[in-house]
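The listed protein sequences derive, respectively, from chains A and B.
For the first sequence, position 127 matches number 192 in our numbering, and the numbering has no gaps at all.
For the second sequence, position 46 matches number 91 in our numbering, and the numbering has no gaps at all.
C-beta: ideal position from N, C-alpha, C; glycine also.
The structure presented is a predicted model; accordingly, all values stated were derived computationally and were not measured.
Notes to accompany the following structure.
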Amino acid sequence: MLVDVGFYLLKGLVLLIGWAAACFLLAGVQNSDRWLAAGRRALLLSFAGTVACAAILVRAIFEGDYSVAYVAEVSEKALPSIFKFTAFWAGMDGSMLMWLLFLSGYSALAIATRPQSQRALVPWIGLTLALSMLFFAGMVAFMTNPLERLEVLQADGRGMNPSLQNYWMAIHPPTLYMGYVGLVVPFAFAVGALVTRRMDGDWIRTVRPWVIWPWLCLGVGMVFGGHWAYVELGWGGYWAWDPVENASFMPWLAATAYLHSVMVQERRGMFKAWNASLLMLAFALSIFGTFITRSGIVESVHSFARSGIGPWFLGFVIAIVATGAGLLFWRWPDLKTEHRIDALLSREFGFMLNNLVFLSICGVTLFLTMYPTISEWATGKRFTVGASAYTEINGTMAMLLLVLTGMGPVVSWRKASARSLRKSFLGPLILAGCVGLALFLAGIRQPLPLTTWALSAFVIACVLGEFHAGARVVAAHRAVSYLRGLSGLVGRNHRRYGGYVVHLAVAMFFIGVAGMAFRQDAEAVLAPGESVDVHGHHVTYVASSPYQTGRSDVERVDLRVERGGQEVALLRPEFKIHHKFPEPEKDVAVRQTAAGDLYAILAEPVDRATGRAKIQVLWNPLVTWVWIASYLLIAGTVLCLWPQASRRAEAT
Amino acid sequence: MSVKRLKVPLALAMALAAIAWLVVRGVAQNDVYMATLDQWDAARAHRETVRLMGFVKEGSIRQDPDRLVTSFTIRNEKSTKEIQVTYSGVTPGLFRDGTSVVAAGRLRDDGVLGATELMTKCPSKYEGQDTPHGDKGSAAPPEARATDDRPVGG
Numbered sequence: 066m067l068v069d070v071g072f073y074l075l076k077g078l079v080l081l082i083g084w085a086a087a088c089f090l091l092a093g094v095q096n097s098d099r100w101l102a103a104g105r106r107a108l109l110l111s112f113a114g115t116v117a118c119a120a121i122l123v124r125a126i127f128e129g130d131y132s133v134a135y136v137a138e139v140s141e142k143a144l145p146s147i148f149k150f151t152a153f154w155a156g157m158d159g160s161m162l163m164w165l166l167f168l169s170g171y172s173a174l175a176i177a178t179r180p181q182s183q184r185a186l187v188p189w190i191g192l193t194l195a196l197s198m199l200f201f202a203g204m205v206a207f208m209t210n211p212l213e214r215l216e217v218l219q220a221d222g223r224g225m226n227p228s229l230q231n232y233w234m235a236i237h238p239p240t241l242y243m244g245y246v247g248l249v250v251p252f253a254f255a256v257g258a259l260v261t262r263r264m265d266g267d268w269i270r271t272v273r274p275w276v277i278w279p280w281l282c283l284g285v286g287m288v289f290g291g292h293w294a295y296v297e298l299g300w301g302g303y304w305a306w307d308p309v310e311n312a313s314f315m316p317w318l319a320a321t322a323y324l325h326s327v328m329v330q331e332r333r334g335m336f337k338a339w340n341a342s343l344l345m346l347a348f349a350l351s352i353f354g355t356f357i358t359r360s361g362i363v364e365s366v367h368s369f370a371r372s373g374i375g376p377w378f379l380g381f382v383i384a385i386v387a388t389g390a391g392l393l394f395w396r397w398p399d400l401k402t403e404h405r406i407d408a409l410l411s412r413e414f415g416f417m418l419n420n421l422v423f424l425s426i427c428g429v430t431l432f433l434t435m436y437p438t439i440s441e442w443a444t445g446k447r448f449t450v451g452a453s454a455y456t457e458i459n460g461t462m463a464m465l466l467l468v469l470t471g472m473g474p475v476v477s478w479r480k481a482s483a484r485s486l487r488k489s490f491l492g493p494l495i496l497a498g499c500v501g502l503a504l505f506l507a508g509i510r511q512p513l514p515l516t517t518w519a520l521s522a523f524v525i526a527c528v529l530g531e532f533h534a535g536a537r538v539v540a541a542h543r544a545v546s547y548l549r550g551l552s553g554l555v556g557r558n559h560r561r562y563g564g565y566v567v568h569l570a571v572a573m574f575f576i577g578v579a580g581m582a583f584r585q586d587a588e589a590v591l592a593p594g595e596s597v598d599v600h601g602h603h604v605t606y607v608a609s610s611p612y613q614t615g616r617s618d619v620e621r622v623d624l625r626v627e628r629g630g631q632e633v634a635l636l637r638p639e640f641k642i643h644h645k646f647p648e649p650e651k652d653v654a655v656r657q658t659a660a661g662d663l664y665a666i667l668a669e670p671v672d673r674a675t676g677r678a679k680i681q682v683l684w685n686p687l688v689t690w691v692w693i694a695s696y697l698l699i700a701g702t703v704l705c706l707w708p709q710a711s712r713r714a715e716a717t
Numbered sequence: 046m047s048v049k050r051l052k053v054p055l056a057l058a059m060a061l062a063a064i065a066w067l068v069v070r071g072v073a074q075n076d077v078y079m080a081t082l083d084q085w086d087a088a089r090a091h092r093e094t095v096r097l098m099g100f101v102k103e104g105s106i107r108q109d110p111d112r113l114v115t116s117f118t119i120r121n122e123k124s125t126k127e128i129q130v131t132y133s134g135v136t137p138g139l140f141r142d143g144t145s146v147v148a149a150g151r152l153r154d155d156g157v158l159g160a161t162e163l164m165t166k167c168p169s170k171y172e173g174q175d176t177p178h179g180d181k182g183s184a185a186p187p188e189a190r191a192t193d194d195r196p197v198g199g
């Protein structure tokens, strides 16, 4: 019963949101407070309605109402409760509803907390948000309604794929979606500012947390996804430049570029048109990513089934781009820069290079992702590029980015003097040189990882140098200890030092990523008692111990790991054959250390007759640092967003 | 126009040119022909690495007992054409009969594709796939599988 109410409620929401859009339009055109209030009410009400529909779906999943097609598809009686909750977004229909839920939540929050100073923008912000919601509500109600009933009653559902029953997978999609969807708010602000010709600094400051939050969610969502792939998919990596991954990477890059270049606008009134374009680009890319992953236009390891919603999404992307381009063209005279760049050695030019690199990486990723389609148009034959192309091109550009990560925060605005540059960078440069030389002498000759590590040392030295110099000044000034000086320094400008912490995280991240260039791999078919060696680890296959869980037959092997004659770990990778799912699952066993992960896979079921097992053992250097870097990135971002108690944060 | 005014555009143009060179070189060195069996170009596959898309022929998967080598057959959608593949390494998680796969490698002289890379679709792809219900198959009447073939939006 409730399900049917929800089914029609979703369709009703389309009308309500359409009404909200009409109200905001009238409020904007007539500058009327009454229409604005009406639009606001309708928007808040449609958020409440979406929450209700989401609650109905969750309830149907928990109560096991398998007459609902979606519930029957992604859930089953025996599914553990935690994964019943994640079943909400485990399939396409539910994930679309979650998208709408987040979108209406963000919209309601943006409209409810609108700053008084930007009253003029609000109708247009509301209109943009309502139109985006209208698109998604229409999709959910008429194309992917998750509350649609089956014609034939089913006693139990099909259940969730076991590889999705993993807690990284439980948090990965909502985090990522929160990022994708969140980019709608900055987009709406940019539209509002352009329409009302208020391109001054004010809206930029309001929109800042609205960009940082989805940026953080996208970044963290990607890391969660990588973690899931690493522990669940059993290929030993966390990133493969698959179109689905690229889809989340591209809007993140655009948002990152914006977060940097907007500082130039705040400080010097430059790059106005550029910054507005970046916000529009970020949102367009987030929708484009959905299009890529749901239309089947490019082959992906994990694209959704070809579905009818692809063309609609493409249409929506085109609408976003057209709106953005049209508004920019219309308001071009208002977007004149207030200053020019004076010198190449200046913060401004550094930001310009930074944007060039971020957008180039974004463009290259887009080009390579679409390369099969593009090459088919151009030559009639489909070509594709492997991960090596991405690594080569983006990796090389990332080196320039690393240089900027270290230099950017230190170079002064307008024009940096050679003397100050020497003072700031001589130490870090010497350190980077020493690190590079030491690694070279240690036998590391691959140019990309060698450069990465040397430059990471440079970044860390530059950023820590900033902390150190600042802390000493504050400590001397206030006559307190060094540590108190440090905390005083950070407390004085959360935004700046939060940003520096993020830069440290970036260096740490690159250190970890470069480690993968030195991964080692051993594959062997072993009889009990036999062993294989990987990177100084002596791995012995001790015994196999099959067991059953009632839902699956599990093969498990015990691998004893020894280093220098000492037993250091027992790894127990498993091979599971699920009764209900045709695909077997390889549960890997990982021994994490700061130096690297020993990663063991049982490739096939153990041979019953001979007891022999096919085992792959990987040595993945420095992977842990990638995860630690992501937590450091979260910490830095939280510091950035943390409200400044006493003073307003000065612009960096 | 003074030299000073030109400095910034010039530096940007140089950076862009360097990036363009990087992209052209990177793509030229790494692009791989990709085809289904219906577009298969055997001569090209002999010369260079190609990617073949298709489906794992039912019942064709064989494991080498002594090495981590899997051999199987890739067929086209209508099962009118097929080609033998051997792959050395651990097969990806969802590799099984009937899965849609992409195998990258070169065609050997014996007509077998020696794959160095093998990809399968990930589980979110589940939607819209006709998955047998395994042991509980009898519990679900064929009509109940309507969910599988339900046109999106129907």
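*asked:* I'd like the list of long-range same chain contacts for A:S342, defined as Cβ closer than 8 Å, with 5 residues on each side in sequence excluded.
replied: As a working mapping, residue 342 of chain A is identified with position 277 in the first sequence. Closer than 8 Å at Cβ, skipping near neighbours: G389, L393.
*Applying the criterion that 16 or more other CB atoms from any shown protein chain within 10 Å of the CB defines a buried residue, is A:N443 buried or exposed?*
Counted from its first residue, the first sequence places residue 443 of chain A at position 378. Going by the sequence as given, residue 443 of chain A is Ala instead of Asn. Counting Cβ neighbours within 10 Å, A:A443 comes out exposed, since fewer than 16 surround it.
*asked:* Counting only C-beta atoms, is B:D142 closer than 9 Å to chain C at any point?
replied: Chain labels in this structure do not include chain C; the protein chains are A and B.
*When you compare only the Cα positions, how much space is there between B:Q74 and A:A454?*
The residue given as residue 74 of chain B occupies position 29 in the second sequence. The residue given as residue 454 of chain A occupies position 389 in the first sequence. Each residue's Cα considered, the two are about 8 Å apart.
*What number of angstroms, rounded off, separates the C-alpha of A:A452 from the C-alpha of A:E441?*
Here the question's residue 452 of chain A lines up with position 387 in the first sequence. Here the question's residue 441 of chain A lines up with position 376 in the first sequence. The straight-line gap from Cα to Cα measures roughly 19 Å.
_A:K446 at chain B interface by Cβ criterion, 9 Å_ = The residue labelled residue 446 of chain A in the question sits at position 381 within the first sequence. It does; some Cβ of chain B falls within 9 Å.
*DSSP beta-bridge partners for A:R621?*
Translated into positions along the first sequence, residue 621 of chain A becomes position 556. Answer by DSSP bridge pairing, in chain order: A:E639.
*Taking 9 Å as the cut-off, decide whether the C-beta atoms of A:L624 and A:R677 are in contact.*
Locating residue 624 of chain A in the first sequence gives position 559, counting from the first residue. Locating residue 677 of chain A in the first sequence gives position 612, counting from the first residue. No, the Cβ-Cβ distance between A:L624 and A:R677 is not below 9 Å.
*asked:* Quick check on A:R405: buried or exposed, where buried means 16 or more other Cβ atoms within 10 Å of its Cβ?
replied: Looking up residue 405 of chain A in the first sequence gives position 340. Under this definition A:R405 is an exposed residue.
_Run of the alpha helix (DSSP H) containing A:A103, from where it starts to where it stops_ = Taking the first sequence and counting its residues from 1, one reaches residue 103 of chain A at position 38. 98 to 128 is the extent of the alpha helix (DSSP H) around A:A103.
_Contact with chain A by B:S169, beta-carbon distance below 9 Å_ = In the second sequence, counting from the first residue as 1, residue 169 of chain B sits at position 124. At B:S169, the pLDDT of 40 sits below 50, so the modelled position is not reliable and the matter cannot be decided from this model.
*With 16 as the cutoff for other CB atoms within 10 Å, does A:L283 come out buried or exposed?*
Residue 283 of chain A sits at position 218 when you count from the first residue of the first sequence. Buried, since its Cβ has 16 or more Cβ neighbours within 10 Å.
*Cβ pair A:E138, A:R223 closer than 9 Å*: Position 73 of the first sequence, counted from the start, is the residue given in the question as residue 138 of chain A. Position 158 of the first sequence, counted from the start, is the residue given in the question as residue 223 of chain A. Closer than 9 Å, so yes.
*Since B:R112 meets chain A, which of its residues come closer than 7 Å, beta carbon to beta carbon?*
Your numbering for residue 112 of chain B matches position 67 in the second sequence. Within 7 Å Cβ-Cβ: V590.
*Every unbroken alpha helix (DSSP H) inside the segment 126 to 162 of chain A [4 residues or more]*: 134 to 139, 146 to 155
_For a test of the three-state rule: what should DSSP assign to A:F646, helix, strand or coil?_
Looking up residue 646 of chain A in the first sequence gives position 581. Note: A:F646 maps to coil in three-state DSSP.
_Run through chain B and tell me which residues come within less than 8 Å of A:S668, C-beta to C-beta._
As a first step, residue 668 of chain A is located in the first sequence; it is residue number 603 there, counting from the start. For the record, residue 668 of chain A in the displayed sequence is Ala; it is not Ser. Here the neighbours are L113, V135, T136.
*Could you tell me if A:E128 is buried or exposed, where buried requires 16 or more neighbouring beta carbons within 10 angstroms of its beta carbon?*
Locating residue 128 of chain A in the first sequence gives position 63, counting from the first residue. Exposed, since its Cβ has fewer than 16 Cβ neighbours within 10 Å.
*First and last residue of the beta strand (DSSP E) that includes B:M164?*
Along the second sequence, one-based indexing puts residue 164 of chain B at 119. That run of the beta strand (DSSP E) goes 158 to 165.
_Any C-beta of chain B within less than 7 Å: which residues of the segment 278 to 304 of chain A qualify?_
L298, G299, W300
_Where A:S197 sits in the DSSP three-state scheme_ = Along the first sequence, read from residue 1 onward, the residue named residue 197 of chain A stands at position 132. Helix at A:S197.
*Could you tell me the boundaries of the alpha helix (DSSP H) in which A:V246 lies?*
In the first sequence, residue 246 of chain A corresponds to position 181, counting from 1. A:V246 -> alpha helix (DSSP H) spans 232 to 247.
*Over the uninterrupted beta strand (DSSP E) stretch that includes B:R120, give me the two end residues.*
In the second sequence, the residue the question calls residue 120 of chain B occupies position 75. From DSSP, the beta strand (DSSP E) with B:R120 extends over 114 to 120.
*Mind listing, in chain order, the continuous alpha helix (DSSP H) runs of no fewer than 4 residues lying wholly within the segment 364 to 447 of chain A?*
375 to 395, 412 to 434, 436 to 444
*Return the CA-CA distance between A:A85 and A:V205, expressed in angstroms with no decimal places.*
Taking the first sequence and counting its residues from 1, one reaches residue 85 of chain A at position 20. Taking the first sequence and counting its residues from 1, one reaches residue 205 of chain A at position 140. Computed Cα separation, rounded: 18 Å.
*With burial defined as no fewer than 16 other Cβ atoms inside 10 Å of the residue's Cβ, what is the status of A:V68: buried or exposed?*
Looking up residue 68 of chain A in the first sequence gives position 3. Buried is the call here.
*Quick one, which residues of the segment 71 to 83 of chain B are near chain A if we go by CB-CB under 8 Å, in chain order?*
G71, V72, Q74, N75, D76, V77, Y78, M79, A80
*By how many angstroms is the C-alpha of A:V688 removed from the C-alpha of B:T115?*
Residue 115 of chain B sits at position 70 when you count from the first residue of the second sequence. Residue 688 of chain A sits at position 623 when you count from the first residue of the first sequence. Straight-line Cα distance between these residues: approximately 29 Å.
*As assigned by DSSP and simplified to three states, the class of B:I106*: Taking the second sequence and counting its residues from 1, one reaches residue 106 of chain B at position 61. B:I106 falls in the coil class under three-state DSSP.
*Using DSSP with H/G/I as helix, E/B as strand and the rest coil, what is B:G99?*
Reading the second sequence from its first residue, position 54 is the one you call residue 99 of chain B. Correct three-state label for B:G99: strand.
*Quick one: Cα of A:A185 to Cα of A:L75, how far?*
Position 120 of the first sequence holds residue 185 of chain A. Position 10 of the first sequence holds residue 75 of chain A. Each residue's Cα considered, the two are about 31 Å apart.
*From A:M208 to A:F378, what does the alpha carbon distance come to, in whole angstroms?*
Numbered from its first residue, the first sequence carries residue 208 of chain A at position 143. Numbered from its first residue, the first sequence carries residue 378 of chain A at position 313. A:M208 and A:F378: Cα-Cα distance of roughly 12 Å.
*What is the residue span of the beta strand (DSSP E) that B:I128 lies within?*
Sequence index remark: in the second sequence, residue 128 of chain B carries index 83 (1-based). Run containing B:I128: 127 to 133, per the beta strand (DSSP E) assignment.
*Determine, using beta carbons only, whether A:P649 comes closer than 9 Å to chain B.*
Mapped onto the first sequence, residue 649 of chain A falls at position 584. It does; some Cβ of chain B falls within 9 Å.
*Determine the direct distance from the alpha carbon of A:R561 to that of A:D545, and round the result to whole angstroms.*
Looking up residue 545 of chain A in the first sequence gives position 480. Looking up residue 561 of chain A in the first sequence gives position 496. One detail in the question is off: residue 545 of chain A reads as Val in this sequence, not Asp. Going by the C-alpha atoms only, they are around 22 Å apart.
*Tell me where the alpha helix (DSSP H) around A:Q709 begins and ends.*
Here residue 709 of chain A is taken as the residue at index 644 of the first sequence, counted from 1. Taken as a continuous stretch (DSSP letters only), A:Q709 belongs to no alpha helix (DSSP H), as it is neither H nor E.
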